[in-house]
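*Asks:*
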Amino acid sequence: QVQLVESGGGLVQPGGSLRLSCAASGSSFAIYAMGWYRQAPEKQRESVAIITSAGTINYADSVKGRFTISRDNAERTVTLQMNSLKPEDTAVYYCKIVSFSAMAYWGKGILVTVSS
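In structure tokens, the structure reads:
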């Protein structure tokens, strides 16, 4: 059973930084893509940043230049460094991994609140 455990969320003031981490366990299948999504109140879940096994990265336009995604294949972790946070970044952030056979797994989500 694949488990994704997210950590690092919390409350931060505008302009501050947070670092989210997600660790995958429970299976040794090769991971194709790892990414972060978010869902703000009364909004649809959206992609924030995705990184593939080849190192290809895609960011949402709203976070380009502020967020950085990275992955450690050996540790099966993905990290999202979030800088210059804005109130509109407030959301529940979800980790997602996708295998080479297109199986997708989600974390339970972690709350990020940007407020003064």
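Counting from 21, one number per residue, gives the positions in the sequence shown under this note's numbering.
In this text, a Cβ means the ideal position worked out from N, Cα and C, and glycines have one as well.
Predicted model only: the values in this text are computed from it and were never measured.
(1) Tell me the DSSP bridge mates of D81?
(2) What span of residues does the beta strand (DSSP E) with M123 cover, start to end?
(3) For E108, which of helix, strand or coil comes out of DSSP?
(4) Less than 8 Å between the C-beta atoms of I89 and A69, yes or no?
(5) Secondary structure at T76, three-state DSSP: helix, strand or coil?
(6) Could you pull the start and end residues of the beta strand (DSSP E) that A43 belongs to?
(7) Under a Cβ-count criterion, where at least 16 other Cβ atoms within 10 Å of its own Cβ denotes burial, should K84 be classed as buried or exposed?
(8) From Y79 to S67, what distance separates their C-alpha atoms?
(9) Mapping DSSP to helix, strand and coil, what is R86?
(10) Inspect the beta-carbon positions of T97 and V132 and report whether they are closer than 8 Å.
(11) Given a threshold of 16 other Cβ atoms within 10 Å of its Cβ, counted over all protein chains shown, does T99 qualify as buried or as exposed?
(12) Is K106 closer than 8 Å to P61 when the C-beta atoms are compared?
*Replies:* If we stick to the structure as given:
(1) Answer is none; D81 lacks a bridge partner.
(2) No beta strand (DSSP E) holds M123; DSSP gives it neither H nor E.
(3) helix
(4) yes
(5) coil
(6) 38-45
(7) exposed
(8) 8 Å
(9) Here R86 sits in coil by DSSP.
(10) no
(11) With 16 or more Cβ atoms within 10 Å of its Cβ, T99 is classed as buried.
(12) no
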